[in-house]
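In this note's numbering, the protein residues as written are 11 to 161.
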């Protein structure tokens, strides 16, 4: 019995030494995982506000997977992030209905030079959209920190 137990122990040790875990398709916090989760939500055809809240909002998938500002900044430079932005744009285009029933809206007042206001108005006219939709589209884009002046 002792010899059999010793043989069993040797086999077990050999197996432990040769075992290599299989890599997962995606690693936690990977751009691919963020894309897959966003795509699952996108396929449910939500309104764009719900998609934004669930994927890009303060409690959304992206912030859970990439908790630090540095991690999010790196993710925002990936193709997967660009694809998520495309999903959001498609939903915004598709869902022209009011979303106020699902989430209350807030109003912000932005002081800007007259020339910038006129430029935005002309751009909205050229794109055949409203100033509001154009500004929301611009606000949804990522801006390099170096382009934001400090207070």
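Note that CB positions come from ideal geometry on N, CA and C, so glycine has one too. Quick caveat: nothing in here was measured; it's all calculated off a predicted structure.
Counted within 10 angstroms of its Cβ, other Cβ atoms place residue i as buried (16 or more) or exposed
i: residue 44; result: buried
i: residue 155; result: exposed
i: residue 158; result: exposed
i: residue 210; result: This structure cannot settle anything about residue 210, because the visible part of the chain is limited to 11 through 161.
i: residue 57; result: buried
i: residue 83; result: exposed
i: residue 122; result: exposed
Residue i: first and last residue of the uninterrupted alpha helix (DSSP H) it sits in
i: residue 147; result: 141-149
i: residue 104; result: 89-104
i: residue 124; result: 124-136
i: residue 51; result: 41-52
i: residue 76; result: Segment: none, residue 76 is in no alpha helix (DSSP H) and carries neither H nor E.
i: residue 59; result: 58-61
Proximity to residue i [Cα-Cα], best of the options
i: residue 85; options: 103, 65 and 104; result: 65
i: residue 116; options: 103, 126, 134 and 142; result: 142
i: residue 98; options: 147, 161 and 128; result: 147
i: residue 103; options: 47, 138 and 80; result: 138
i: residue 152; options: 88, 161 and 128; result: 88
Any non-hydrogen atom of the ligand PLP closer than 7 Å to residue i Cβ
i: residue 77; result: The ligand PLP is absent from the structure shown, which contains no ligands of any kind.
C-beta contact flag for residue i and residue j at 8 Å
i: residue 150; j: residue 130; result: no
i: residue 59; j: residue 100; result: no
i: residue 134; j: residue 140; result: yes
Expected contact under 8 Å - CB spacing of residue i and residue j to nearest Å
i: residue 42; j: residue 90; result: 6 Å
i: residue 62; j: residue 39; result: Their Cβ separation, rounded to whole angstroms, is 20 Å, which puts residue 62 and residue 39 out of contact at 8 Å.
i: residue 94; j: residue 48; result: 5 Å
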